[in-house]
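Counting from 1191, one number per residue, gives the positions in the sequence shown under the working numbering. These notes are about the structure you will find just below.
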Amino acid sequence: MAVYLLGNATTSQMFGFVINVTRKTIIFDGGTVGDSQQLENFIMEHCNGKVDAWFFTHPHHDHIGAFCELCRKDIRFNIKNIYHCFPSVESLQKYGKRNECEALLWRDIKFFFENKFIGRVHRIKQGEYFRFKNVAIKVLRVFNENITTNYLNNSSAVYRVEVSGNSFLILGDLGIEGGEELMRICPLVDLQTDYTQMAHHGQNGVSKQFYEYIKPKRCIWPTPVWLWNNDIGNGFDSGPFQTVRTREWMQNLGVVENWIEKDGIQKII
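And the structure:
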């Protein structure tokens, strides 16, 4: 059994999460275009050259770019099933902040879904439950078309993952509004896990109140070094990002362990 956080192959933020247990491989997101070779090599070396289930949170380039790049060439490994709940290309064009770039990428993904993976793409629903040997995945939240603020981040699907007695909360890039919805629709017991993936790379994601509500124990940060330190060239915490504040929140909440993208590929359990 092994659960991995992937490190960034470029300087960009990204999220890639891989579960490999009893000859089953489950992936969440995967990273940017620049992370695609790292991801392919990892799957070939550690996952028997196959993916049983690929789950996505939302169609931002730093979450689906690696998958899209792999689809542009002949993939060396087999993907059995894909799970997502993305908004339409049309609504992304209407509400998305970077609508043209992201809409083009999502259009490519949609083409691959419909042509390369016929019969293997599943649109998930809230409350759905999936089991793969010793891995159980519950869909806690899916895209809500009525939340148009911070549109694409708030389209993130949220998953509770249980792996041989260890639980994980996958938040994607969920924003404040999505976090508030999650607190309304989910029992607290579903949101409290052994490991929490920090929303939106650990800054400007869900609110402080959300984290206070779920009380994280161990944190998984999809965060490169410059974002971890909020340093874009002028020193520690000199940039416009809120990562250091979120780090302070977690320290005050008594978080005992942090797993951070900046430290490379890491085996969590």
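We treat Cβ as the ideally placed atom computed from N, Cα and C, and that holds for glycine. Treat the numbers as computed from the prediction; the structure is a model and nothing was measured.
Can you tell me which residues form a DSSP beta bridge with Asn1448? Asn1448 pairs with Cys1409.
Looking at the C-beta of Glu1280, does it have a partner C-beta in chain B at a distance below 7 Å? Protein chain content of the structure displayed is limited to a single chain, and chain B is not contained in it.
Please name the residue in Val1311, Cys1376, Ala1243 whose C-alpha comes closest to that of Phe1276. Of Val1311, Cys1376, Ala1243, the residue nearest in Cα terms is Val1311.
Counting Cβ pairs, one atom from each stretch, are 3 or more of them under 8 Å apart for the stretch 1200 to 1208 and the stretch 1218 to 1235? A contact exists between the stretch 1200 to 1208 and the stretch 1218 to 1235.
Please state whether the Cβ-Cβ distance between Asp1363 and Leu1330 is less than 7 Å. Taking 7 Å as the Cβ cut-off, Asp1363 and Leu1330 do not qualify as a contacting pair.
Looking at the structure shown, is Tyr1341 part of a helix, part of a strand, or coil, going by DSSP? Collapsing the DSSP output to three states places Tyr1341 in coil.
Environment of Lys1214 [buried if 16+ CB atoms lie within 10 Å]: With 16 or more Cβ atoms within 10 Å of its Cβ, Lys1214 is classed as buried.
Return the CA-CA distance between Lys1407 and Asn1356, expressed in angstroms with no decimal places. Roughly 12 Å between the two C-alpha positions.
Who are Leu1359's beta bridge partners in DSSP? Arg1350, Thr1386, per the DSSP bridge assignment.
Beta carbon of Ile1458, beta carbon of Leu1195: below 7 Å? In this structure, Leu1195 lies closer than 7 Å to Ile1458 by Cβ.
How about the stretch 1325 to 1340 and the stretch 1296 to 1304: do they share at least three Cβ pairs that are nearer than 8 Å? Here the stretch 1325 to 1340 does not lie against the stretch 1296 to 1304, with fewer than 3 beta-carbon pairs under 8 Å apart.
Does the beta-carbon distance from Glu1499 to Thr1413 come in below 7 Å? No information on residue 1499 is available, as it lies outside the stretch 1191 to 1459 that the chain covers here.
Counting only the same chain and skipping the five closest in sequence on each side, list residues whose C-beta sits under 7 Å from that of His1236. Annotation for His1236: Asn1210 place their beta carbon closer than 7 Å to its own, counting only its chain and skipping 5 residues before and after.
Only counting the same chain, and skipping five residues up and downstream in sequence, which positions put a Cβ closer than 6 Å to that of Phe1156? Past the edges of the chain, shown from 1191 to 1459, lies residue 1156, and the structure says nothing about it.
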